[in-house]
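First comes the structure, then the notes that go with it.
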Amino acid sequence: MRAAGRGYGGMTARQFVREAQGGLDLREFYSEFFSRLHALQQDYRLLVTMAEQAAWDALPASRPGPLRGLPFSVKDNICTQGIQSTAGSRILEGYIPPFDATAVARTKHAGGILVGKTQMDEFGFGTFSTNSGYGVPKNPLDPSRSCGGSSGGAAGLVRALDLPHVAMAESTGGSISCPAAFCGVVGLTPTYGLVSRWGLIDYANSLDKIGVLARSVDDCALLLEQMEGFDTKDSTSLKRARTKDYRQELDLRKVKIGLPKEYFQGVDAGIARTVQGAVDALEREGAKVQEVSLPHTKYALAAYYVIATAEASTNLAKYCGMRYGQTLPLEGKFNEFFSRVRTRYFGDEAKRRIILGTFARMAGYRDQLYLKAFQARTLVIRDFERAFKQVDVLAAPTMPLLAPKFSEIASLTPVEHYQMDILTVAPNLAGIPQLSLPCGELQGLPVGLHLLADHLNESALLGVGRAWERLTRPVEEG
Numbered sequence: 001m002r003a004a005g006r007g008y009g010g011m012t013a014r015q016f017v018r019e020a021q022g023g024l025d026l027r028e029f030y031s032e033f034f035s036r037l038h039a040l041q042q043d044y045r046l047l048v049t050m051a052e053q054a055a056w057d058a059l060p061a062s063r064p065g066p067l068r069g070l071p072f073s074v075k076d077n078i079c080t081q082g083i084q085s086t087a088g089s090r091i092l093e094g095y096i097p098p099f100d101a102t103a104v105a106r107t108k109h110a111g112g113i114l115v116g117k118t119q120m121d122e123f124g125f126g127t128f129s130t131n132s133g134y135g136v137p138k139n140p141l142d143p144s145r146s147c148g149g150s151s152g153g154a155a156g157l158v159r160a161l162d163l164p165h166v167a168m169a170e171s172t173g174g175s176i177s178c179p180a181a182f183c184g185v186v187g188l189t190p191t192y193g194l195v196s197r198w199g200l201i202d203y204a205n206s207l208d209k210i211g212v213l214a215r216s217v218d219d220c221a222l223l224l225e226q227m228e229g230f231d232t233k234d235s236t237s238l239k240r241a242r243t244k245d246y247r248q249e250l251d252l253r254k255v256k257i258g259l260p261k262e263y264f265q266g267v268d269a270g271i272a273r274t275v276q277g278a279v280d281a282l283e284r285e286g287a288k289v290q291e292v293s294l295p296h297t298k299y300a301l302a303a304y305y306v307i308a309t310a311e312a313s314t315n316l317a318k319y320c321g322m323r324y325g326q327t328l329p330l331e332g333k334f335n336e337f338f339s340r341v342r343t344r345y346f347g348d349e350a351k352r353r354i355i356l357g358t359f360a361r362m363a364g365y366r367d368q369l370y371l372k373a374f375q376a377r378t379l380v381i382r383d384f385e386r387a388f389k390q391v392d393v394l395a396a397p398t399m400p401l402l403a404p405k406f407s408e409i410a411s412l413t414p415v416e417h418y419q420m421d422i423l424t425v426a427p428n429l430a431g432i433p434q435l436s437l438p439c440g441e442l443q444g445l446p447v448g449l450h451l452l453a454d455h456l457n458e459s460a461l462l463g464v465g466r467a468w469e470r471l472t473r474p475v476e477e478g
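The working numbering puts the sequence shown at residues 1 to 478.
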């Protein structure tokens, strides 16, 4: 039996599970784990809620399954039974769900141990995790910089922890890929519908996807294997046979990689060179590389923000002080009461997106904005369909910039904030799987390589990602 604290740095999740199944003293391990977690929370504010007591209570009943004893965190917009779930908003402060989201329940059933709820932008509204109602998470690589968003706490925790751990996260327009790039970790956003959304506090129903942030491709695959699968409680859940193992080897000589020319425009030159260098390395290993075009990318950002804010404005209507959320003394007219509650407890960005979304859905503007956005979305989807008839995987920069300093973020206008999502919104509009991998550094900060594949082709993404990891670091198989 291995003593906790000896040789666990760099251990993959799958390796840890093997140790746990072999008789590791989990209580000893978790004593060290939470000691480390408390220190990180003090330094970087990566959690909204720490679930230490729940973890201790779960240990005696930890199942001998494929995630036996593995620590996992959950983004705070995914419901967890008996543990506060706020979606990063003050309007949901103190909300304790009486149920687990399906993805959480499946992870627990496989033996995972929930350790905490991670910081995020309020309801997912942001690119830098600066819109949280519970403090701003700091990037462990440089505390003056952002972790990215909206799953910033999850990515920061994965980066900072030197003990085995995986983070369950969620993406609407790039909220897994962006923080993965800024923190130098791996982020997997699966095909829309592959993982049940039941129990997710919605931002935009047609865009939200639950995924994974972890230290390696294999760690992401391990959690996805447990989360995926049809769920009768989610009408958007896909009915298909579950993939039991995403560890299949991939022969790069049989892989075609496409470089979408539009995704290298307006990108920091150093980032573009670093990503191109990673693709060149894959080509030297036998992959075939060609340029492709996604001509309607220029419409994606506008379409995304019209659709996402329209759906958000309807989803947030229920937080009125009577049905859900915080409340105040009932005085005056109902509309005045609702307005007081929402004004007091919603953050500025939430208010902005409610207003934008309501405007887009108004009868006088619906055809000009909302319906046009869906037409643009169809064009974006067709671009990807044509591209994947030519290639297996697309490769591009994840983000057009390095992790910015908070002082730089403070000077951005709301529109400039939105423009930072230019490379991640189109894949999310199309609902295709995405994998962000660290592929190098500039100025001591990580650069993300974004791999995209056709619907339900996670195996190709993970295979190429695993091939890249083998080129850049040794990965011991679990």
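Glycine is no exception: its CB is placed at the ideal position from the N, C-alpha and C atoms.
Checklist entry - Hey, would you say GLY65 sits closer than 8 angstroms to ALA110, going by beta carbons? => result yes
Checklist entry - Grouping DSSP H, G and I as helix and E and B as strand, with all else coil, what is ARG145? => result strand
Checklist entry - Since ALA181 and MET399 are thought to touch, with beta carbons under 8 angstroms apart, how far apart are those beta carbons, to the nearest angstrom? => result 5 angstroms
Checklist entry - Between the C-alpha atoms of TYR246 and PHE359, what's the straight-line distance to the nearest angstrom? => result 43 angstroms
Item to check | Host beta strand (DSSP E) of PRO71 (start-end) | outcome: 71-75
Checklist entry - Using the C-alpha atoms, what's the distance from ALA281 back to THR274? => result 11 angstroms
Item to check | Three-way DSSP call (helix, strand, coil) for ALA350 in this model | outcome: helix
Checklist entry - Cβ atoms of LEU294 and GLU262: under 8 angstroms apart, would you say? => result yes
Next on the checklist: Taking the beta strand (DSSP E) that ALA453 belongs to, which residues open and close that run?
Outcome noted: 445-453
Item to check | Inter-residue Cα distance where the pair is LYS108 and LEU114 | outcome: 8 angstroms
Checklist entry - What span of residues does the beta strand (DSSP E) with GLN375 cover, start to end? => result That residue, GLN375, is in no beta strand (DSSP E); its alpha helix (DSSP H) goes 372-390.
Checklist entry - Nearest-angstrom Cα distance between GLU477 and ALA101? => result A caution first: GLU477 carries a pLDDT of 42, below 50, which makes its placement in the model unreliable, though a value can still be read off. Roughly 30 angstroms separates the two Cα atoms.
Item to check | Which of helix, strand or coil DSSP assigns to ARG2 | outcome: Low per-residue confidence applies at ARG2: pLDDT is 45, beneath 50, and the placement is therefore not dependable enough to give any value.
Checklist entry - Looking at the unbroken alpha helix (DSSP H) that takes in GLU262, where does it start and where does it end? => result Unbroken run through GLU262: none, as it is neither H nor E.
Item to check | Where ASN315 falls: helix, strand or coil (DSSP) | outcome: helix
Item to check | Residues near ARG340 in its chain [Cβ-Cβ closer than 7 angstroms; skip 5 each side] | outcome: Here ARG340 has LEU328 as same chain residues with Cβ atoms under 7 angstroms from its own Cβ, once five neighbours each way along the sequence are excluded.
Checklist entry - Which of helix, strand or coil does DSSP assign to GLN434? => result In this structure, GLN434 counts as strand in the three-state DSSP scheme.
Checklist entry - Under 8 angstroms, do ARG353 and PHE125 count as touching if we go by C-beta distance? => result yes
Next on the checklist: Please return the same chain residues whose Cβ sits closer than 6 angstroms to the Cβ of ARG45, not counting the five positions on each side in sequence.
Outcome noted: GLY135 and PRO137
Checklist entry - Do you know how far the Cα of PHE337 is from the Cα of GLY187? => result 41 angstroms
Checklist entry - What residues match up with ALA403 in a beta bridge as DSSP calls it? => result Bridge partners of ALA403: none, in fact.
Next on the checklist: On the CB-based measure, 16 or more other CB atoms within 10 Å of its CB, does ALA303 come out buried or exposed?
Outcome noted: buried
Next on the checklist: In whole angstroms, give me the CA-to-CA distance for ALA241 and SER459.
Outcome noted: 14 angstroms
Checklist entry - Tell me which same chain residues have a C-beta within less than 6 angstroms of the C-beta of LEU401, skipping the five on either side of it? => result Here the set comprises ASP268.
Checklist entry - Going straight from the alpha carbon of VAL48 to that of GLN390, what length do you get? => result Roughly 44 angstroms separates the two Cα atoms.
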